[in-house]
Amino acid sequence: MKTNVMDKTLLILLPSQLYARLKSAAAKNYKSISGFVRESVLEKIEEEFTLEEMSMIEKGSNDFHSGKGTNWRKVKRD
Numbered sequence: 421m422k423t424n425v426m427d428k429t430l431l432i433l434l435p436s437q438l439y440a441r442l443k444s445a446a447a448k449n450y451k452s453i454s455g456f457v458r459e460s461v462l463e464k465i466e467e468e469f470t471l472e473e474m475s476m477i478e479k480g481s482n483d484f485h486s487g488k489g490t491n492w493r494k495v496k497r498d
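All residue numbers for the sequence shown refer to my numbering, where the first residue is 421 and numbers rise by one.
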């Protein structure tokens, strides 16, 4: 089983008003600000693309960069 080790630091600057809203939202969820941000980022990433979708995107990107991409001008649109 793979363990998630917290070994990277993310330093971000926020306006005071946004920080206050973030602090309030974290408190309402009984979480630390770091935990709340970490969970929110993870949800956003997982919500966007599945692992299968990410591999399809990576394959398409690699194909494009190696000259095997689809010419968008020839794609039929509905």
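Every residue gets a Cβ at the ideal spot worked out from N, C-alpha and C, and that includes glycine.
Item                                                                                                  : Value
Helix or strand or just coil, what does DSSP make of G480?                                            : helix
Can you give the Cα-Cα distance for L431 and K494, rounded to whole angstroms?                        : 44 angstroms
Measuring alpha carbon to alpha carbon, tell me which residue in L434, G489 and T490 is nearest E457. : Note on identity: in this sequence residue 457 is Val, with Glu being the wrong assignment. Nearest of L434, G489 and T490 to V457, Cα basis: L434.
Go ahead and pull the three-state DSSP assignment for F456.                                           : helix
Which of helix, strand or coil does DSSP assign to R493?                                              : helix
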